[in-house]
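**Student:** Handing you this structure, nothing more for now.
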Amino acid sequence: MNADPQILQMKYTDVVKNFAERMRLTLDEALKFFYHSEVYQLMKDGISDMHCMSVAYLVEDLKTEYQEKLQTIGSMED
């Protein structure tokens, strides 16, 4: 199912703002990560109706993805 593009853009904004606050990132850092994330791809493509999930749920999913990437980067440096 595809979401209305304007509504989806508003949802992206809410997710990025909340993610930035939660992770103490700048909006630019949060936005860059978001647009390269699996969460964004799933929302954009309408897979599993991710775009229908709450902002809190999406931020939590994004946080998990972010932490996993940090761990991957950390293990590569070891």
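Quick note: the sequence shown, position 56, residue 108 per this note's numbering, numbers continuous. Think of the CB as a built atom: it goes at the ideal place given N, C-alpha and C, for glycine as much as any other residue.
Since V68 contacts A82 with CB under 8 Å, what's their CB separation in whole angstroms?
**Tutor:** Correct: roughly 5 Å between the Cβ atoms.
**Student:** For the alpha helix (DSSP H) containing D66, list its first residue and its last residue.
**Tutor:** Counting along the chain, the alpha helix (DSSP H) containing D66 begins and ends at 57 to 75.
**Student:** Quick one: Cα of Q61 to Cα of G126, how far?
**Tutor:** Distance between the alpha carbons of Q61 and G126: 32 Å.
**Student:** Closer than 8 Å is the cut-off here; do at least three beta carbon pairs connect the region 107 to 120 with the region 70 to 85?
**Tutor:** Yes, the region 107 to 120 is in contact with the region 70 to 85.
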